[in-house]
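One structure below.
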Amino acid sequence: MSASLQFDRVSKHFPGVTALDGVDFTAHAGAVHGLLGENGAGKSTLLKILGGQYRPDGGQLLINGVPQHFSSASDAIRAGVAVIHQELQYVDELTVTENILLGRLPTRFGLVDRKRARLLVATRLAEMGVDLDPDARLSQLSIAQRQMVEICKAVMQDAQIIAFDEPTSSLSHRESAVLFEMVKSLRAAGRTLIYISHRLEELYALCDACTIFRDGRKIVTHPVMAQVSRDTLVRDMVGRELLDIYDYRPRAAGVERLQVNQLRGQGQSNEYSFSVRGGEILGFFGLVGAGRSELMRLLYGADRRAGGSVRLDGIELTTRSPADAIEAGIVLCPEDRKEQGILAQASVAENINISCRRHDLVAGLFLRHGREAQRADEFIQRLRIKTPGREQEIRLLSGGNQQKVILARWLAETDLKVLILDEPTRGIDVGAKNEIYKIIHEVAKRGCCVIVVSSELPEVLGIADRIIVMKEGAISGELGREQASEASVLQLALPDATVNNNQEYSDRSFK
Amino acid sequence: MSPSAYKQKWLIEQSMPITYALLFIVLSLTVENFFSTANIVGLMLSVAQIGMVACTMMLCLASRDFDLSVGSTIAFSGVLGAIILEHTQSIGLAVGGGLAAGAAIGAGNGVLIAYLRVNALIATLATMLMVRGLAFIVSGGQAVGIANESFISFGDARIAGLPVPVLMTAACFLVFGVLLNHTVFGRNTLAIGGNPEAARLAGVKVERLRVWIFLLQGLVTALAGLILASRITSGQPNSAQGFELDVISACVLGGVSLHGGKAKIFGVLVGVLIMGTVENVMNLLDVDAFYQYLMRGIILLAAVLLDQLKTRGQRG
Numbered sequence: 022m023s024a025s026l027q028f029d030r031v032s033k034h035f036p037g038v039t040a041l042d043g044v045d046f047t048a049h050a051g052a053v054h055g056l057l058g059e060n061g062a063g064k065s066t067l068l069k070i071l072g073g074q075y076r077p078d079g080g081q082l083l084i085n086g087v088p089q090h091f092s093s094a095s096d097a098i099r100a101g102v103a104v105i106h107q108e109l110q111y112v113d114e115l116t117v118t119e120n121i122l123l124g125r126l127p128t129r130f131g132l133v134d135r136k137r138a139r140l141l142v143a144t145r146l147a148e149m150g151v152d153l154d155p156d157a158r159l160s161q162l163s164i165a166q167r168q169m170v171e172i173c174k175a176v177m178q179d180a181q182i183i184a185f186d187e188p189t190s191s192l193s194h195r196e197s198a199v200l201f202e203m204v205k206s207l208r209a210a211g212r213t214l215i216y217i218s219h220r221l222e223e224l225y226a227l228c229d230a231c232t233i234f235r236d237g238r239k240i241v242t243h244p245v246m247a248q249v250s251r252d253t254l255v256r257d258m259v260g261r262e263l264l265d266i267y268d269y270r271p272r273a274a275g276v277e278r279l280q281v282n283q284l285r286g287q288g289q290s291n292e293y294s295f296s297v298r299g300g301e302i303l304g305f306f307g308l309v310g311a312g313r314s315e316l317m318r319l320l321y322g323a324d325r326r327a328g329g330s331v332r333l334d335g336i337e338l339t340t341r342s343p344a345d346a347i348e349a350g351i352v353l354c355p356e357d358r359k360e361q362g363i364l365a366q367a368s369v370a371e372n373i374n375i376s377c378r379r380h381d382l383v384a385g386l387f388l389r390h391g392r393e394a395q396r397a398d399e400f401i402q403r404l405r406i407k408t409p410g411r412e413q414e415i416r417l418l419s420g421g422n423q424q425k426v427i428l429a430r431w432l433a434e435t436d437l438k439v440l441i442l443d444e445p446t447r448g449i450d451v452g453a454k455n456e457i458y459k460i461i462h463e464v465a466k467r468g469c470c471v472i473v474v475s476s477e478l479p480e481v482l483g484i485a486d487r488i489i490v491m492k493e494g495a496i497s498g499e500l501g502r503e504q505a506s507e508a509s510v511l512q513l514a515l516p517d518a519t520v521n522n523n524q525e526y527s528d529r530s531f532k
Numbered sequence: 002m003s004p005s006a007y008k009q010k011w012l013i014e015q016s017m018p019i020t021y022a023l024l025f026i027v028l029s030l031t032v033e034n035f036f037s038t039a040n041i042v043g044l045m046l047s048v049a050q051i052g053m054v055a056c057t058m059m060l061c062l063a064s065r066d067f068d069l070s071v072g073s074t075i076a077f078s079g080v081l082g083a084i085i086l087e088h089t090q091s092i093g094l095a096v097g098g099g100l101a102a103g104a105a106i107g108a109g110n111g112v113l114i115a116y117l118r119v120n121a122l123i124a125t126l127a128t129m130l131m132v133r134g135l136a137f138i139v140s141g142g143q144a145v146g147i148a149n150e151s152f153i154s155f156g157d158a159r160i161a162g163l164p165v166p167v168l169m170t171a172a173c174f175l176v177f178g179v180l181l182n183h184t185v186f187g188r189n190t191l192a193i194g195g196n197p198e199a200a201r202l203a204g205v206k207v208e209r210l211r212v213w214i215f216l217l218q219g220l221v222t223a224l225a226g227l228i229l230a231s232r233i234t235s236g237q238p239n240s241a242q243g244f245e246l247d248v249i250s251a252c253v254l255g256g257v258s259l260h261g262g263k264a265k266i267f268g269v270l271v272g273v274l275i276m277g278t279v280e281n282v283m284n285l286l287d288v289d290a291f292y293q294y295l296m297r298g299i300i301l302l303a304a305v306l307l308d309q310l311k312t313r314g315q316r317g
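Taken in sequence, the protein lines are chains R and V. Take 22 as the starting number for the first sequence in the working numbering and just add one per residue. Take 2 as the starting number for the second sequence in the working numbering and just add one per residue.
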């Protein structure tokens, strides 16, 4: 095998942070090389260097032994490198054909030759076994299909080195399976593949070798993935032993505090009824699109309610806005952290204080800056938020630390009664996950109601006292912690026709 | 971060005030009559209206909105004040009527934009045209003269050597500076400008806040219109044309992001002063008015490019 991609003592510094510190590793042609590490370990920076977005401060990148000096993304493309980012980069209102050939559309007499372009793309899609309409607009496609478009684009650019940054983070199980096939066929075609994921199962299923990062340094490269145990990987990633990341400890269940009765959203026909006890962690599981987030938004007043009632500690609530819900003690950590959770340009302190500051105003109007700073520092310490300081812009923090800041925002509410978490650990590494679970348990122990929405089955099974399963917009069943197993939950979650596909899910060896 | 890196960051952040300070020193030394009490006071008086409205425009831009209707509101409130004064001879009613009209226009803009979800550019473009039309209609297209001595003297009065309009502008900067930095109102304004959905889910009453921002904008603009009417002793339906662009320019010069979420009151002050100083110096040097337009455009562009360079620096 020829060594096709080599990182040679690559370093990258940002003001105040060393993102990469002398990283060395080689990825071979015809193999998938996995990159593992907690958020902030340096994987994304590495990919940005590979993609030509950043220039390394030290060391170099070699392709087939030849040093490369990318000064822009187009340099990288020209050298045969394609990076499939987590945030896909496409033009919504253009067709599949146009997106794939963007910048290189075939022309005839200076005009775009639509026929030839379409044929070119259709042929290649067929060759790759991808079932996509070349004329479909990207806005009509699912996320998985958009990702396929991106991969096809890389292949059509004749990229020999293709890097994937957490490609399955927003895909369903079946969509992931299609992606895996694609990765495998690219490997068989002799391309060099880099694969980043937080899901160890995927790495075991796909990767031939892997390199582990921590705090900007390479910890180790395992040349044969199959010979590494899961425990070794996790230990190397977090730098300590992590036995049970869910850390479940039974709590005494309190009295019923939150009662939701026939709650219905505007323009919706489904009604939802359930209740939560004080000190209870209630899990909500369902496939993507099962209506879990919509229900939570309804409960939180983010979407308009059309009927039904919500009672908290016996008092009827008429929440018309999130502000009303917060006033009543109900808070939500939204699903899409970047777009709905954080105030990206604002500081960590600002993000923590935005809601609870209303309680400590001078003359009902002026902010207490000292009190706010103190509170921010307190939470940074208590939740172990990794940040250079409270004035750091939150967008510069890793996903796990951003999530902790959002949690701090709500833990700062003195009268917190119901904590709703929608996909609390999406895109967050193992170490930070564990810390977030600990915080969740702590909140429940205080006697609050906790609702955790997740599409990661092991997570729901791992932390919830009780699980409500949703399917196609309705609640399809409820299971206590003892009755709940992967099989019993999936039975309730899968559309009826696909129940016998159950095997596919279990095969992905959840832990 | 090393001390030199801090120094560099500080220099980049304060580039506009530093540029202005240097400009001021150079002009003081080179341009005759520039550095005199009379000229500096005159300079400040010339930007009094722009300064006042820039304070609220800053809030508007910071919340990722836009307001083109301020020029028309200045004209309308001035005309309305003059007409009420003519008929009633009551300064209280004239000022009250003008301010109420401004607040109503602002609130109308706010409701259109926040609740009816009309794009801010379009909504305020429409109100800009409508309000300008109203100013012509109520005045019959003619300037409405003001004969009330005490109303006129207001625009000319001085306290401690400074004209009242300048003092009121200073008061606006103080009040809105405090509002921006030391109240929930100001912080939430920046929050909804940065990301309206995240702000809403964090408990900010986004719609209500936006209406308040526009209402304040209308109110302050009407005040500026009344002061202008007092200074020119009439309500002119065609006054303050293009005023909205001057105000927005001053804000942009002052580093307010058009993408929302970023604003500094001190920056806006510097932006306003740069606008006033450049105009003042060109007048002192007797530069043809045609060239003044060219110059103002160039300065605005330069400021925006400088800002681009700054953000590029941040991206590493």
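We put the CB at the ideal spot given by N, CA and C, even for glycine.
For R/H380, there is no enclosing alpha helix (DSSP H), as DSSP gives it neither H nor E. Sequence-ordered contacts of the segment 198 to 212 of chain V with chain R read E198, A199, A200, R201, L202, A203, G204, V205, K206 [C-beta pairs closer than 8 Å]. Here R/G448 is near R/R358, since their CB atoms are less than 9 Å apart. If you check the CB distance, V/I75 and V/A223 come in under 9 Å. Residue pairing for R/E414: DSSP places it in a beta bridge opposite R/S368. Rounded to the nearest whole angstrom, the CA to CA distance from R/S296 to R/G307 is 18 Å. For V/A192, the nearest CB of chain R lies under 9 Å from its own CB, placing it at the interface with that chain. Here the segment 487 to 505 of chain R does not lie against the segment 93 to 106 of chain R, with fewer than 3 beta-carbon pairs under 8 Å apart. Between R/D113 and R/L159, the beta carbon gap of about 5 Å places them in contact (Cβ cut-off 8 Å). Counting along the chain, no beta strand (DSSP E) covers R/T66; the unbroken alpha helix (DSSP H) around it starts and ends at 64 to 71.
Neighbours of R/A365 in chain V, taken as residues whose beta carbon is under 7 Å from its own, are G195, N196 in chain order. In the structure shown, V/N196 adopts coil according to DSSP, grouped into three states.
At the C-beta level, V/L180 and V/G111 stay beyond 9 Å of one another. Ranked by how close their Cα comes to the Cα of R/Q423, the residues R/S476, R/D398, R/L364, R/E393 have R/L364 in first place. Note that the C-beta distance between R/G55 and R/T232 is below 9 Å. Between the C-alpha atoms of V/Y292 and V/Q9 there is a straight-line separation of about 35 Å. Contact between R/V281 and R/V331 is confirmed by a C-beta separation of about 5 Å, below the 8 Å threshold.
The DSSP-derived three-state label of V/F67 is coil. A direct Cα-to-Cα measurement between R/Q178 and R/I164 gives close to 21 Å. Taking 8 Å as the upper bound on Cβ-Cβ separation, chain R lies near no residue of the segment 57 to 70 of chain V. R/F305 does not reach chain V, its nearest Cβ partner there being about 18 Å away, counting only Cβ pairs nearer than 8 Å. Taken in chain order, the unbroken stretches of beta strand (DSSP E) that lie wholly in the segment 179 to 264 of chain R and span 3 residues or more are 182 to 186, 213 to 217, 230 to 235, 238 to 243. Residue environment for V/I249: buried (at least 16 other C-beta atoms within 10 angstroms of its C-beta).
Ranked by Cα distance from V/V167, the first of V/L28, V/A304, V/L60, V/L270 is V/L270.
Straight across, the Cα-Cα distance linking R/Y321 with V/R211 is about 22 Å. Exposure of V/V27 is indicated by the presence of fewer than 16 other C-beta atoms within 10 angstroms of its C-beta. At a beta-carbon threshold of 7 Å, none of the residues of chain R lie near V/T125; the nearest stands roughly 24 Å away. Contacts with chain V at 9 Å (Cβ-Cβ) include R/H390. Less than 9 Å separates the beta-carbon of R/Y225 from that of R/A247. For R/E59, the closest Cβ of chain V is not nearer than 9 Å. When the five nearest sequence neighbours on each side are left out, the beta carbons in the same chain lying within less than 7 Å of the beta carbon of R/T128 are those of D134, in order along the chain.
Taking 8 Å as the cut-off between beta carbons, the residues of the segment 259 to 285 of chain V near chain R are G262, K263, in sequence order. Considering only V/R232, V/T125, V/I300, the residue with the shortest C-alpha distance to V/C252 is V/I300.
Straight across, the Cα-Cα distance linking R/A180 with R/K454 is about 35 Å. The distance from the Cβ of R/R270 to that of R/H462 is about 7 Å, consistent with a contact at the 8 Å cut-off. Three or more Cβ pairs closer than 8 Å define a contact, and the segment 133 to 149 of chain V meets that threshold against the segment 65 to 81 of chain V.
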